[in-house]
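Colleague: Here you go, one structure.
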Amino acid sequence: MLEEFLLSKLVYCRIKARSNQKSRLLTTLSMSKITVWSVETESNYITFSVKIKDLAKTFAILKNMCYNYIICSRRDVKSLLIAFVKRLGLIAGAFCSIACILFCNNTVLGLSVKTNNEELKEKVSHLASVQNSLFKLKDNIDLETMRFEIVNLDGVADCSVKFVGNRLEVEILDAPKIEDRELIYSAYVAKYDATVTSVVAKQGTPLVKSGDRVFAGAPLISPEVFNENGELITTTGVCGKVIGKVVFRKTLTVDKERVITIKTGRKKIYRSLSLHSKQISSPYKLYEKTMEEECFNLFLPIRYTITEYAELEERVVQTDIEEFAKNALQEFIIDCGQIGEETLYSYKDNGKGQYVVSLYIKTEMEIGIGV
């Protein structure tokens, strides 16, 4: 009985019929042992529900009584199964979403390394990949062990390792850089012509003093060590530095008039489809050519080519000698690698249709080199 009741409530058909004799219709259905429920009447219409198994008999009675009818809704086992599957999918999706959220919150998905040393950053990233720290549950990562291994890297004074959200954050305190050991040379000679301003000889005997004028190649610090009487005591390596003022000079020649090439704005574009690279002649005497080519290997090597010719013309312009000299001086400073405490430029007309530009840089720098 319970099963039949549930089936009648879950598996049924809702019918709406046009009838002026609603009582007669209900009586006929009852006499035919057709259970009817949820009856609703509205002017000339009656709406009711019947079991799916009684549907054929109900339609036959409505046809015999010449009543027009429509099916408002129908719920059978198939529709119930589809609805159940949809709800089951929704529930499964919700469970999967919750599981993903829980997994992501408890999983390391990224690594952040805070340090000024790019080499250290690469080492820590490599260490994390070796330990498979990424995409791993937080509970399975030993932060203290990782911190110990990072601290043992060269250049690390201390560090902290912690979880920030779903990222592993490593903050490194860089160790102070150890100064490179000073190199010991067998000799120390002048690299430039210069005027000496200071001498520091940590090892060896200085051969020049402040104010001396030296030339390139001259020895500045000797490996020989003498006593007060001028007698040679020993020969050792040379370690030191000599600072001096150096002057760099350069002379350039530039024409007063120059010929430049510019675009006129006129251009021609040619498109072609061929089996080989086809050269199209330019309509201009002086031109700039741009060509794009695409090959379609459809049984035959067909080429689609776009060729553009832009017309050029030559113009004679006057050289802006002031701007040229300034730019030349800046390039000279870059070439020398010295900003200089004094920089000058000058120019003059040589009477041959040219300017002669003179560049001057005066700077204080190390003038010696170890050999």
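The numbering used here applies: residue 8 is where the sequence shown begins, and numbers increase by one. Every residue, glycine too, gets a C-beta built ideally from N, C-alpha and C.
According to DSSP, is T34 helix, strand or coil?
Modeller: Looking at T34 - three-state DSSP - the assignment turns out to be helix.
Colleague: Within 10 Å of its beta-carbon, does T370 have 16 or more other beta-carbons around it, so buried, or fewer, so exposed?
Modeller: Buried: at least 16 other Cβ atoms inside 10 Å.
Colleague: Considering only the alpha carbon of each residue, which of N124, Y316, A201 lies closest to T271?
Modeller: Checked all of N124, Y316, A201; the closest Cα to T271 is Y316.
Colleague: With F255 as the anchor, note down where its beta strand (DSSP E) starts and where it stops.
Modeller: Note, F255: beta strand (DSSP E), 246 to 262.
Colleague: My guess is that I368 and I250 are in contact by the Cβ rule of under 8 Å, so how many angstroms apart are they, rounded?
Modeller: That pair is no contact at about 16 Å.
Colleague: Between V221, K216, T314, G211, which has its C-alpha nearest P230's C-alpha?
Modeller: That would be G211, whose Cα lies nearest to the Cα of P230.
Colleague: Taking the CB atoms as reference points, tell me whether R174 and C79 lie closer together than 8 Å.
Modeller: No, these two residues do not count as a Cβ contact at 8 Å.
Colleague: Measuring CA to CA, which of F222, L33, S193, L227 is closest to V207?
Modeller: Nearest of F222, L33, S193, L227 to V207, Cα basis: L227.
Colleague: By the three-class DSSP mapping on this structure, what secondary structure does Q337 have?
Modeller: In the structure shown, Q337 sits in a helix (DSSP, three-state: H, G or I).
Colleague: If you draw a straight line from the alpha carbon of V203 to that of G358, how long is it in whole angstroms?
Modeller: About 40 Å.
Colleague: Within 10 angstroms of its Cβ, does R322 collect 16 or more other Cβ (buried), or is it exposed?
Modeller: Classification of R322: exposed, given that the 10 Å Cβ count is below 16.
Colleague: In this structure, does DSSP put E10 in helix, strand or coil?
Modeller: Reliability of the predicted coordinates at E10 is poor, the pLDDT of 46 falling under 50, and the value obtained from them is presented with this limitation in mind. Here E10 sits in helix by DSSP.
Colleague: Take the Cβ of T297 as the centre, count every other Cβ of all protein chains shown within 10 Å, and call the residue buried at 16 or more, exposed below.
Modeller: T297 is exposed by the Cβ-count criterion.
Colleague: Quick one: residues in its chain with C-beta nearer than 7 Å to the C-beta of C166, no 5 flanking neighbours on either side, listed in chain order?
Modeller: So the list reads R154, I157, V158, V177, E178, I179, L180, once near-sequence residues are dropped.
Colleague: Using only alpha-carbon positions, find the residue among I41, S39, A24, M72 that is nearest to S50.
Modeller: With distances taken between Cα atoms, S50 lies closest to A24.
Colleague: On the three-state DSSP scale, how would you describe V378?
Modeller: Looking at V378 - three-state DSSP - the assignment turns out to be coil, as it is neither helix nor strand.
Colleague: Drop a sphere of 10 angstroms on the beta-carbon of V378, count the other beta-carbons inside from all chains shown, and report buried for 16 or more, exposed for fewer.
Modeller: With fewer than 16 other Cβ atoms within 10 Å, it is exposed.
Colleague: Please report how far the alpha carbon of T268 lies from the alpha carbon of L293, in whole angstroms.
Modeller: Roughly 9 Å between the two C-alpha positions.
Colleague: Based on Cα-Cα distance, which residue from V18, Q28, T35, V364 lies nearest to K263?
Modeller: Checked all of V18, Q28, T35, V364; the closest Cα to K263 is V364.
Colleague: Within a Cβ cutoff of 6 Å, which residues of the same chain sit near K275, ignoring the five residues on either side of it in sequence?
Modeller: Once the five neighbours on either side are set aside, the close Cβ partners of K275 are P290, Y316.
Colleague: List the endpoints of the continuous alpha helix (DSSP H) containing L69.
Modeller: First-last of the alpha helix (DSSP H) with L69: 62 to 71.
Colleague: Among E126, K145, N123, which has the Cα closest to the Cα of V115?
Modeller: Nearest option by C-alpha distance: K145.
Colleague: Pull up the DSSP beta-bridge partners for E125, would you.
Modeller: Paired residue(s): none; E125 is not in a bridge.
Colleague: Based on DSSP bridge pairs, tell me the residues matched to D149.
Modeller: BP columns for D149 are empty, so no partner.
Colleague: Using a C-beta cutoff of 8 Å, does V363 count as contacting chain C?
Modeller: Among the chains of the structure shown, chain C does not appear; only one protein chain is present.
Colleague: For my contact list, L336 and Y352 are in at a C-beta cut-off of 8 Å; report their separation, rounded to the angstrom.
Modeller: With 8 Å as the limit, L336 and Y352 qualify as a contact, their Cβ atoms being about 5 Å apart.
Colleague: Among residues of its own chain, excluding the 5 on either side of Y52, which ones have a beta-carbon nearer than 8 Å to its beta-carbon?
Modeller: If we look at Y52 and ignore the five residues flanking it on each side, its Cβ neighbours are K23, A24, R25, S26.
Colleague: Roughly how many angstroms separate the alpha carbons of I376 and N236, rounded to a whole number?
Modeller: Distance between the alpha carbons of I376 and N236 is about 29 Å.
Colleague: Under 8 Å by Cβ, that's how I've got L366 and F339 pegged, so tell me the actual separation to the nearest angstrom.
Modeller: About 5 Å separates the two Cβ atoms, so the contact holds.
Colleague: Distance, Cα to Cα, S281 vs E299?
Modeller: When rounded, the distance between both Cα atoms is 14 Å.
Colleague: Might you give, ordered along the chain, the residues of its own chain that have their beta carbon closer than 6 Å to the beta carbon of S45, omitting 5 neighbours on each side?
Modeller: If we look at S45 and ignore the five residues flanking it on each side, its Cβ neighbours are S56.
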